[in-house]
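Numbering (this note's numbering), first residue to last: 531 to 835.
Following: one structure in structure tokens, then a few remarks.
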């Protein structure tokens, strides 16, 4: 009974390792978020707006609406990702959608609308893999890669807006947390940050290919269970197997010349059989009576060598 308990404990331990190791690997492989881990709901990349209203919306560009965004600049030197591109104004109307996502470029502006005729105007002053810098009312707010910035505009202790920055792709995701927020004049918003929380899923991306962990875990656990069952069966039948093994060892020995080298090899094999029998007995798979018989059988053969 003791051996069965040890085997069960070992089996559960191996299963636990097989479950947690892939999860830990998954966490470290996917350190850079995709935006799906934090953003809930649909992501709207554009807002349909009429061309010619005087504002370069996020759905407009220098190629689609010259009247609002101006003519496209000629190709030239970069600097913060803005070379060859005219700055645009991204309109985030949270009366329409809860989440907006776009790629950040230095010089762009972001107009955040919560209620009618009121808005907060951000300037993107820097965008790189390392961090995003936003300016609101001459105050700079820096959000590092894989960080979420929170803005509490009315200083009521509740965050009104979250900004997730994905430095790998320079994508910024804006999500409303409290609607109907009124501008508070000269009062600066309360700003806080935290690392983006990554949801541990059942898929992992390795070398550009998405692999599901579930089938791998099932196969691995099944192999462990089969291995343990075979091992236990072998231990339980060790007395019968050993009797056949001892007979074979002695028959082979009787056909050879009785040199010292041959005797040493045979005794070494018999000692290995004795050690295996002792391990099975201590693990509880062999009863004391069977152990005594097997040990005596081996000792008797030793005397004949």
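Virtual Cβ for every residue (Gly too), placed ideally from N, Cα, C.
Closest Cα partner of residue i within the set the options
i, options, result
"residue 808", "789, 796, 821", "821"
"residue 704", "794, 664, 758", "664"
"residue 861", "690, 753, 661, 673", "The chain is shown from 531 up to 835; residue 861 falls before or after that span and cannot be answered."
"residue 707", "627, 794, 834, 817", "627"
"residue 796", "817, 773, 818, 831", "831"
"residue 642", "629, 659, 622, 630", "622"
"residue 805", "829, 787, 791", "829"
"residue 722", "746, 817, 670, 750", "670"
"residue 775", "660, 833, 802", "802"
"residue 686", "825, 783, 712", "712"
Where the beta strand (DSSP E) through residue i begins and ends
i, result
"residue 821", "No beta strand (DSSP E) holds residue 821; the alpha helix (DSSP H) holding it covers 818-834."
"residue 682", "677-682"
"residue 696", "691-696"
"residue 641", "639-643"
"residue 626", "No beta strand (DSSP E) contains residue 626, which DSSP labels as neither H nor E."
"residue 725", "720-725"
"residue 673", "669-674"
Three-state class that DSSP yields for residue i in the structure shown
i, result
"residue 615", "coil"
"residue 661", "strand"
"residue 752", "helix"
"residue 709", "coil"
"residue 572", "Annotation note: pLDDT 33 at residue 572 (below 50); position unreliable, coordinate value reported separately. Note: residue 572 maps to coil in three-state DSSP."
"residue 686", "coil"
"residue 746", "helix"
"residue 782", "helix"
"residue 603", "At residue 603, the pLDDT of 43 sits below 50, so the modelled position is not reliable; the number obtained from the coordinates is stated separately. Looking at residue 603 - three-state DSSP - the assignment turns out to be coil, as it is neither helix nor strand."
"residue 757", "helix"
"residue 577", "Unreliable placement is indicated for residue 577, whose pLDDT of 39 sits below 50; the coordinate value is still reported in the next sentence. The answer is coil: DSSP assigns residue 577 none of H, G, I, E or B."
Element boundaries [alpha helix (DSSP H), containing residue i]
i, result
"residue 812", "790-813"
Supposed contact pair residue j and residue i - C-beta distance, whole angstroms, cut 8 Å
i, j, result
"residue 697", "residue 675", "3 Å"
"residue 702", "residue 678", "11 Å between Cβ atoms; not a contact."
"residue 726", "residue 667", "That belief does not hold up - the Cβ atoms of residue 726 and residue 667 are roughly 26 Å apart, past 8 Å."
"residue 620", "residue 646", "With a Cβ gap of about 19 Å, residue 620 and residue 646 do not count as contacting."
Near the ligand NAP: residue i beta-carbon under 8 Å from a heavy atom
i, result
"residue 780", "In the structure on display, the ligand NAP does not appear, and there are no ligands present to speak of."
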